[in-house]
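Note sheet for the following structure.
In structure tokens:
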């Protein structure tokens, strides 16, 4: 019910009291950046929850002084702050303003200062800042280019979008009076809450939204128990209790626990009821498969997970699982907010204090999914839409145009290997971002980032929004309250630019610079205290493990529920080599990891390259394969300085340049080709006439090794004989992951630790 216009305006003192108790006007943007810390401080619960952050800071300080093993145990000796009943000044204040002059009054009426001399200036500043905020949300914070949205969106979608926005405002502002056009589910929620209040009084039981024993409820709640302190201290100090187990399906798994609990039993009813039927329709086998069952149990417990055995055969099962988990998380969170909105409105209508209802973060987005190409985003969004089973899907036609498969998808790249066809099928644009908003029974695509529940983007697409490091245009406040991050196909993202990933993770769960209309009285205490990174779940999925992924796992995966890493075993891609060629593996002696790249380069330029140039006088058919692009540039520049007879093929080489280089190489006009792994990933050039294969460093993709060696088949070059072919691969003791994937798990220790520095495989 709208407030009465005859109600008196709150005084300056009353407004200050409202701010102190967290009831801030979500439409008021007058608070400057310097005032945000004070607003957050005032909004933190006075129930002693701040002890969590103080405990962590104390442990960190003690860790800097000494590395004693019992630092976590000392947490139990901290004196507990006595809980004090919440001050009733806030409820008295609302009563003095009358029932109809609650937060709804502040939202529907502009705030005016008692000092008339400054009121006009304040209102002018508010209008300017509000306009700037709207422009920012429409440009940097929106998904893709909203300017083209007007030309592409149909009139019906425009009307539906505007209607959805209007309903959204009602959803966020007031639930006191359900209008005729309101969703039936909200009415049912209000009735359910009313019945629960009559039966249980004012008890705010988590079971109203979550099933009993739900992992999400336990993970996100404002827990001030001793167990929560131990979890937080263990995660912040990286003091995990690790154990290696053998799973019958996944093989070796390294568990990193923050407590002694170990592996938990699966939740009997983990899903929202309205997700069950859509999931059974989406999942091809109906119920969870043998692969999906343990995988979903891991992520449902809100552990950080690194799965490094992704294959295209498992792609559909994996994507379905994290899409289901993300939709389940959003639905539970939104239902929780709606029920709390109904409780608050009911209490305000009765002139009572509804108590604290902390159920959100600073901004609305909760889920971030990073994928390399638009075709991957297309598959994820389609699964999310099927799971949501919404009555309306806004902007779906535009989504099909911009993300859907092209007309020539079936005929494109049909001469390439199968893994290449699967990776580059459909729309392979790598600069995109899109937001999904769930509202009642409607899903809106291309929603503004600050109004979205789920964000799906490529690293470069999201980086275009967050801005460059040290640049003037930076906005990543919409990442401040991300509760779940999924990074799919990390192996492909490594072939793009991994720096974008590290930049994005540096922007996650940072206290926002502006309030963005935040109601701080609803923000969870651990978010207000800057502890959101320990409640964020990170899921990393890759075809293989690399040092970059391992570093991200060690430094940025810090969930208080612990984490796990799947450690697959390998037979070795060397078993797929069919060319009759002697394969020699030589270990380069290096010292520290920091100097390994320099020592490898010195060994190659001083010992290997002179031999290659010498043999080129008799046989010029040599290919030098370089995995790292930085090493590729370094070797290329060295060869240019020496005026060597070579050509370099990278992912930046044009088709004509690569074709001309391959022709000259096959004709013997060049001494050798310098070939990067990224060039092979993006183009998969069939280089003919290779007699000598030199791996400056082993490839990250293990099957690239067998592919390159098999190009030396005598059938590709009738002039070559098997006794003239050679293959030499150089590695260091720090290349364990690469060596294991090529020679196999059984032999990797021998190649790395044995006194012998050279091994030959025939």
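Numbering (my numbering), first residue to last: 5 to 766.
Don't be surprised by glycine CBs; every beta carbon is placed ideally from N, CA and C.
All values reported here derive from a predicted model rather than from experimental measurement.
Residue closest to residue i, alpha-carbon to alpha-carbon, out of the options
{"i": "residue 345", "options": "525, 500 and 749", "result": "525"}
{"i": "residue 326", "options": "651, 489 and 640", "result": "489"}
{"i": "residue 738", "options": "750, 755 and 307", "result": "755"}
{"i": "residue 247", "options": "319, 556, 567 and 607", "result": "567"}
{"i": "residue 562", "options": "518, 512, 528 and 653", "result": "512"}
{"i": "residue 377", "options": "356, 409 and 390", "result": "409"}
{"i": "residue 383", "options": "324, 736, 239 and 626", "result": "324"}
{"i": "residue 440", "options": "446, 458 and 425", "result": "458"}
{"i": "residue 356", "options": "757, 348 and 699", "result": "348"}
{"i": "residue 283", "options": "229, 390 and 317", "result": "390"}
{"i": "residue 261", "options": "660, 275, 222 and 238", "result": "238"}
{"i": "residue 638", "options": "584, 605, 287 and 764", "result": "605"}
{"i": "residue 501", "options": "607, 435 and 338", "result": "435"}
{"i": "residue 405", "options": "392, 430, 425 and 394", "result": "430"}
{"i": "residue 316", "options": "302, 337 and 427", "result": "427"}
Rounded C-alpha distance that separates residue i from residue j
{"i": "residue 684", "j": "residue 419", "result": "14 Å"}
{"i": "residue 681", "j": "residue 421", "result": "15 Å"}
{"i": "residue 554", "j": "residue 622", "result": "44 Å"}
{"i": "residue 379", "j": "residue 556", "result": "25 Å"}
{"i": "residue 313", "j": "residue 548", "result": "6 Å"}
{"i": "residue 352", "j": "residue 359", "result": "11 Å"}
{"i": "residue 285", "j": "residue 446", "result": "19 Å"}
{"i": "residue 292", "j": "residue 539", "result": "27 Å"}
{"i": "residue 533", "j": "residue 432", "result": "41 Å"}
{"i": "residue 254", "j": "residue 297", "result": "12 Å"}
{"i": "residue 644", "j": "residue 651", "result": "10 Å"}
{"i": "residue 310", "j": "residue 543", "result": "6 Å"}
{"i": "residue 712", "j": "residue 766", "result": "16 Å"}
{"i": "residue 240", "j": "residue 759", "result": "40 Å"}
{"i": "residue 300", "j": "residue 329", "result": "8 Å"}
{"i": "residue 686", "j": "residue 655", "result": "7 Å"}
{"i": "residue 456", "j": "residue 751", "result": "49 Å"}
{"i": "residue 244", "j": "residue 370", "result": "26 Å"}
{"i": "residue 693", "j": "residue 708", "result": "17 Å"}
Secondary structure of residue i, DSSP reduced to three states
{"i": "residue 365", "result": "coil"}
{"i": "residue 664", "result": "helix"}
{"i": "residue 449", "result": "strand"}
{"i": "residue 653", "result": "strand"}
{"i": "residue 328", "result": "helix"}
{"i": "residue 227", "result": "coil"}
{"i": "residue 465", "result": "helix"}
{"i": "residue 291", "result": "coil"}
{"i": "residue 437", "result": "strand"}
{"i": "residue 620", "result": "coil"}
{"i": "residue 522", "result": "coil"}
{"i": "residue 738", "result": "coil"}
{"i": "residue 272", "result": "coil"}
{"i": "residue 91", "result": "Confidence at residue 91 is low in this model, with a pLDDT of 40, below 50, so the placement of that residue should be treated as unreliable; the coordinate-derived value is given next. The answer is coil: DSSP assigns residue 91 none of H, G, I, E or B."}
{"i": "residue 716", "result": "coil"}
{"i": "residue 697", "result": "strand"}
{"i": "residue 510", "result": "helix"}
Same chain, Cβ closer than 6 Å to residue i, neighbours up to 5 away in sequence not counted
{"i": "residue 845", "result": "Any question about residue 845 goes unanswered here, given that the chain covers just 5 to 766."}
{"i": "residue 492", "result": "375 and 545"}
{"i": "residue 509", "result": "560"}
{"i": "residue 516", "result": "366, 481 and 484"}
{"i": "residue 468", "result": "none"}
{"i": "residue 259", "result": "247 and 568"}
{"i": "residue 668", "result": "674"}
{"i": "residue 666", "result": "691"}
Cβ neighbour criterion (16 or more within 10 Å) applied to residue i
{"i": "residue 242", "result": "exposed"}
{"i": "residue 595", "result": "exposed"}
{"i": "residue 250", "result": "exposed"}
{"i": "residue 582", "result": "exposed"}
{"i": "residue 744", "result": "buried"}
{"i": "residue 235", "result": "buried"}
{"i": "residue 231", "result": "exposed"}
{"i": "residue 663", "result": "exposed"}
Sequence-distant residues of its chain with Cβ nearer than 7 Å to residue i (five each side left out)
{"i": "residue 400", "result": "449"}
{"i": "residue 219", "result": "271, 304, 305 and 306"}
{"i": "residue 550", "result": "498, 704 and 741"}
{"i": "residue 620", "result": "626, 675 and 676"}
Own chain residues within Cβ distance below 8 Å of residue i, not counting five before or after
{"i": "residue 695", "result": "623, 625, 626, 716, 721, 724, 728, 729 and 730"}
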